[in-house]
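Chemist:
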Amino acid sequence: MLHATSAQHLHPQDPAPDAKSYVHPDELRTAFALAMSQMYRNEVPLYGDLVRIVQGVNQNVLLSRNSSADTSKGTTDSPERLSLERHGAIRLGLPSELRTVQRIFAVLGMYPVGYYDLSVAGLPMHATCFRPMTSASLASNPFRIFTTLLRPELVKSEDGARDLALQLLSRRTLFSPELLDMLDTAEQQQHNLYADQAETFIREALRTFSWASGVAASTADEYARLRAEHPVLADIACFRTAHINHLTPRTLDIDAVQRAMVSEGMAVKERIEGPPRRRFPILLRQTSFLALDEPVHFLAKNVASAEVNESSSTSEHVDSRQQGLVEGTHCARFGEIEERGAAVTPAGRHLYDELLAQAMASINACSDGLTYDDILTETFRDSYPDNLSELCRQRLIFCRYRCTGNMLTTMHPDIAALLSRGGTPSEIRNAIDEDEEVVMNWADCLVDEGVLVAEPITYEDFLPFSAAGIFQSNLQKAGSSSLAGVSTGEKKVSPHSGGAMNSSLGCRGGDQGSLEEALGCSITDPDVLYSQLQKESLSECLLELQLTRAA
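Residue numbers (the working numbering): 58 to 608.
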């Protein structure tokens, strides 16, 4: 049974019966995220255990930090945000499916940010992340969905597996008529819904991402053929829904969660993906319990797939025409945990990529028994600063600045000249664009003087090789013996680099253009968003300091 939030819990922005009574996208996103979490908890009971462990660890960390005078390494995110925060992941097979999913998430105030070329890790897919983009929306609920799209041209099959996958995908209908009606309605209302419409929207959208009672859209033989070619092909093409394959809570101490999972007897990924454990976290660290074997009912050979799929997105029970189903299992859905640190600048990302490549080379050549974690920690220890002030001074992370209330004693001549060009927020932002380095250097001085405080901006996005590492662990659990090796380094692939990487799947460079064509919109560069947030905070500080001096 699906657990959509009822209409009475979706409060309109204004009680008047007009356009102002639409449910705010932030509130709609929260309702959807809570409903999806309940659905996934029902489908994968271990997810509930995971959430319990994470909440316990987060409580302990926050208590410890509140009792400590050192707040330099703590998160600036509220406990309310941490308790709500989740990211999920779905896998799609056709560009038309991605276009509709883009429409669904737009209603929830979630937009495509970042391009991820997973082919460099041996996976025939590329991806984007649907998420909120403004500070206010992220603070309200930073729900994200990492969304991959199959790239069939990268599957070099000789036995027709690629064609079979495309045939199966062409027969299924992911989206119910009710959901499509709600999307049309929302778009006619500038991507807004009233409370009763929102309830229908949530219920029908959840069906798209549910397990659908484990009834496949393929025969067992078809499933076996696709899994033998690549497990991800079977997971994408053989099922009637775009079932969510994991839902991820955020922890403040992923190492503590990993230990707790092991102590409770969970089958846990052997190592944590991403940067080493640090005093001051950066980017993203991820781990998971391994994918579960789940019962599946495959179609009997004499059941026409097209006949079954007439109601594939709306039926929650086995139709009478599906007599003689074949029992089997599928292994793809798992439980993931993440720890988020500071968003790094392009310079910070370049340094991270270089050090990770060095660490991977050392690991491959290691013969003295050192562990992966030992080598990774040692490589980063002396080369990547681990305190806030140095990270800021070396421009390795993005920060949000705010005034402390302490008086400004002197105004740097360049800053005074900058402010003299104009005093409105937009004029100040334009001036910062022209003299950013001057403003940043002055901000460093004001932080030292206690006039400003720098707070790290949380990394809201993903690392392609970390994501691929999680996928690979769980695909290998599914029994694949022919997966391409994961390339070394968290290489940030430019969509226009044209660089080729060899693998058994014939992978080539990324193709952001084709993903954007499928989406029907452009993908936002996350670095642009982080830079905007930093500049906005600086302009607000400059305006406040200017007004203070004028008073």
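Backbone N, C-alpha and C fix where the C-beta goes; we use that ideal spot for every residue, glycine too.
#1: I'd like the list of long-range same chain contacts for Val325, defined as Cβ closer than 8 Å, with 5 residues on each side in sequence excluded.
#2: Where does Arg208 fall in DSSP's three states?
#3: Indicate whether Leu250 and Tyr79 have their beta-carbon atoms separated by less than 8 Å.
#4: Alpha carbon to alpha carbon, how far is Ile293 from Arg86?
#5: Who are the near neighbours of Ser94 in its chain, counting only those whose CB is closer than 7 Å to its CB and skipping five residues on each side?
#6: Distance check for Leu509 and Ile472, CA to CA, integer angstroms please.
#7: Evaluate Ile161 with the Cβ neighbour count: other Cβ atoms within 10 Å of its Cβ, from every protein chain shown; 16 or more gives buried, anything less gives exposed.
#8: Measure the CB-CB distance between His354 and Gly405 and report whether it falls below 8 Å.
#9: Does DSSP put Pro583 in a helix, a strand or coil?
#10: What number of angstroms, rounded off, separates the C-alpha of Met497 from the C-alpha of Leu349?
#11: Measuring CB atoms only, is the stretch 215-232 touching the stretch 146-158, in the sense that at least three cross pairs come out at less than 8 Å?
#12: Less than 8 Å separating the beta-carbons of Arg452 and Cys598?
#13: For Cys456, which option in Arg282, Thr515, Glu137 has the closest C-alpha, if you only look at C-alpha atoms?
#14: Return helix, strand or coil for Ile514, following the three-state DSSP convention.
#15: If we require 3 or more residues per run, which beta strand (DSSP E) segments fall completely within the stretch 434-509?
#16: For Glu279, tell me which candidate among Leu91, Asp492, Val383 has the shortest Cα-Cα distance.
#17: Assuming Pro306 contacts Val170 (C-beta within less than 8 Å), just tell me the rounded distance between them.
#18: I'd like to know if the stretch 583-595 and the stretch 176-185 are in contact, where contact means that at least 3 CB-CB pairs between them fall below 8 Å.
#19: Quick check on the burial criterion: 16 or more other C-beta atoms within 10 angstroms. Buried or exposed for Lys54?
#20: Going by DSSP, what residue range makes up the beta strand (DSSP E) through Val383?
#21: What does DSSP give as the partner residue(s) for Tyr172 in the beta ladder?
#22: Does Pro136 pass the burial test, meaning 16 or more other C-beta atoms within 10 Å, or should it be called exposed?
#23: Got a sec, what are the start and stop residues for the alpha helix (DSSP H) Phe162 sits in?
#24: Starting from Ala273, follow its DSSP beta bridges and name the residues at the other end.
#25: Looking only at its chain, what residues have a beta carbon closer than 7 Å to the beta carbon of Ser594, apart from the 5 residues adjacent to it on each side?
#26: Can you list, in chain order, the residues of its chain with a C-beta nearer than 6 Å to that of Val164? Leave out the 5 residues immediately preceding and following it.
#27: Looking only at C-alpha atoms, which of Ala299, Ala474, Ser440 sits nearest to Ala269?
#28: Does the Cβ-Cβ distance between Ile485 and Ser579 come in under 8 Å?
#29: Is the Cβ-Cβ distance between Thr276 and Leu356 less than 8 Å?
#30: Would you kindly report the start and end of the unbroken beta strand (DSSP E) that includes Glu327?
#31: What do you reckon, are the CB atoms on Gly173 and Pro521 nearer than 8 Å?
#32: Roughly how many angstroms lie between the CA atoms of Pro102 and Ile110, to the nearest whole one?
#33: When you compare the CB positions of His387 and Glu411, do they come within less than 8 Å of one another, or not?
#34: Measure the CB-CB distance between Ala252 and Phe89 and report whether it falls below 8 Å.
#35: Leu120: buried (16+ other C-beta within 10 angstroms of its C-beta) or exposed?
#36: Along the chain, where does the beta strand (DSSP E) that runs through Gly392 open and close?
Modeler: The structure says:
#1: What you label residue 325 is simply residue 268 of the sequence shown in a count that begins at 1. The beta carbon of Val325 sits closer than 8 Å to those of Gln315, Met318, Val319, Thr344, Ser345, Phe346, Leu347, all from its chain and outside the five residues before and after it, given in chain order.
#2: Position 151 of the sequence shown holds residue 208. The DSSP-derived three-state label of Arg208 is coil.
#3: Mapped onto the sequence shown, residue 250 falls at position 193. Mapped onto the sequence shown, residue 79 falls at position 22. Closer than 8 Å, so yes.
#4: The sequence position of residue 293 within the sequence shown is 236, counting from 1. The sequence position of residue 86 within the sequence shown is 29, counting from 1. Using only the alpha carbons, I get a separation of about 25 Å.
#5: Here residue 94 refers to the residue found at position 37 of the sequence shown. So the list reads Arg143, Leu304, once near-sequence residues are dropped.
#6: Here the question's residue 472 lines up with position 415 in the sequence shown. Here the question's residue 509 lines up with position 452 in the sequence shown. Between Ile472 and Leu509, the alpha-carbon positions lie close to 15 Å from each other.
#7: Position 104 of the sequence shown, counting from 1, holds the residue named residue 161. Burial call: buried.
#8: Taking the first residue of the sequence shown as position 1, residue 354 is located at position 297. Taking the first residue of the sequence shown as position 1, residue 405 is located at position 348. No. Outside cutoff.
#9: Start at 1 with the first residue of the sequence shown, and residue 583 comes out as number 526. If DSSP states are grouped into helix, strand and coil, Pro583 belongs with the helices.
#10: Residue numbering aside, residue 497 sits at position 440 when the sequence shown is read from its first letter. Residue numbering aside, residue 349 sits at position 292 when the sequence shown is read from its first letter. Taking the straight line joining both Cα atoms gives about 49 Å.
#11: Of all C-beta pairs linking the stretch 215-232 to the stretch 146-158, three or more are shorter than 8 Å, placing the two stretches in contact.
#12: Stepping through the sequence shown from its first residue, residue 452 is reached at position 395. Stepping through the sequence shown from its first residue, residue 598 is reached at position 541. With contacts defined by Cβ atoms closer than 8 Å, Arg452 and Cys598 do not form a contacting pair.
#13: Sequence index remark: in the sequence shown, residue 456 carries index 399 (1-based). The shortest Cα separation from Cys456 among Arg282, Thr515, Glu137 belongs to Thr515.
#14: As a first step, residue 514 must be located in the sequence shown, where it is residue number 457. When secondary structure is reduced to three states using DSSP, Ile514 falls in the coil class, being assigned neither helix nor strand.
#15: With a minimum length of 3 residues, the continuous beta strand (DSSP E) runs that stay inside the stretch 434-509 are 456-460.
#16: The sequence position of residue 279 within the sequence shown is 222, counting from 1. The residue with the shortest Cα to Cα distance from Glu279 is Val383.
#17: The count along the sequence shown starts at 1 and reaches residue 306 at position 249. The count along the sequence shown starts at 1 and reaches residue 170 at position 113. Between Val170 and Pro306 the Cβ distance is about 20 Å, and since that is not below 8 Å, they are no contact.
#18: Contact between the stretch 583-595 and the stretch 176-185 is absent: fewer than three C-beta pairs spanning the two stretches fall below 8 Å.
#19: As shown, the chain starts at 58 and ends at 608. That puts residue 54 outside it, with no answer to give.
#20: In the sequence shown, residue 383 corresponds to position 326, counting from 1. Run containing Val383: 383-388, per the beta strand (DSSP E) assignment.
#21: Locating residue 172 in the sequence shown gives position 115, where the first residue counts as 1. For Tyr172, the pairing in a beta bridge is given by DSSP as Thr185.
#22: Counted from its first residue, the sequence shown places residue 136 at position 79. Flag for Pro136 reads exposed.
#23: In the sequence shown, the residue the question calls residue 162 occupies position 105. 152-164 is the extent of the alpha helix (DSSP H) around Phe162.
#24: Residue 273 sits at position 216 when you count from the first residue of the sequence shown. According to DSSP, which records beta bridges pairwise, Ala273 is partnered with Phe296.
#25: Within the sequence shown, numbered from 1, the residue matching residue 594 stands at position 537. Counting only Cβ-Cβ distances below 7 Å, and skipping sequence neighbours, we find Arg457, Tyr458, Arg459.
#26: Mapped onto the sequence shown, residue 164 falls at position 107. Answer for Val164: Ala243, His248, listed in chain order.
#27: Along the sequence shown, read from residue 1 onward, the residue named residue 269 stands at position 212. Nearest option by C-alpha distance: Ala299.
#28: In the sequence shown, the residue the question calls residue 485 occupies position 428. In the sequence shown, the residue the question calls residue 579 occupies position 522. Contact: no.
#29: Start at 1 with the first residue of the sequence shown, and residue 276 comes out as number 219. Start at 1 with the first residue of the sequence shown, and residue 356 comes out as number 299. Closer than 8 Å, so yes.
#30: Within the sequence shown, the letter at position 270 stands for residue 327. Per DSSP, Glu327 lies in no beta strand (DSSP E) segment and is marked neither H nor E.
#31: As a first step, residue 173 must be located in the sequence shown, where it is residue number 116. As a first step, residue 521 must be located in the sequence shown, where it is residue number 464. Strictly speaking, residue 173 in this sequence is Tyr, with Gly absent from that position. Contact annotation: Tyr173 and Pro521 have beta-carbon atoms nearer than 8 Å.
#32: For the purposes of this step, residue 102 is taken as residue 45 along the sequence shown, with counting starting at 1. For the purposes of this step, residue 110 is taken as residue 53 along the sequence shown, with counting starting at 1. Those two C-alpha atoms are separated by around 13 Å.
#33: Translated into positions along the sequence shown, residue 387 becomes position 330. Translated into positions along the sequence shown, residue 411 becomes position 354. For His387 and Glu411, no; Cβs fall outside 8 Å.
#34: Start at 1 with the first residue of the sequence shown, and residue 252 comes out as number 195. Start at 1 with the first residue of the sequence shown, and residue 89 comes out as number 32. At the C-beta level, Ala252 and Phe89 stay beyond 8 Å of one another.
#35: Here the question's residue 120 lines up with position 63 in the sequence shown. When all chains shown are included, Leu120 counts as exposed.
#36: Your numbering for residue 392 matches position 335 in the sequence shown. In this chain, the beta strand (DSSP E) harbouring Gly392 covers 392-397.
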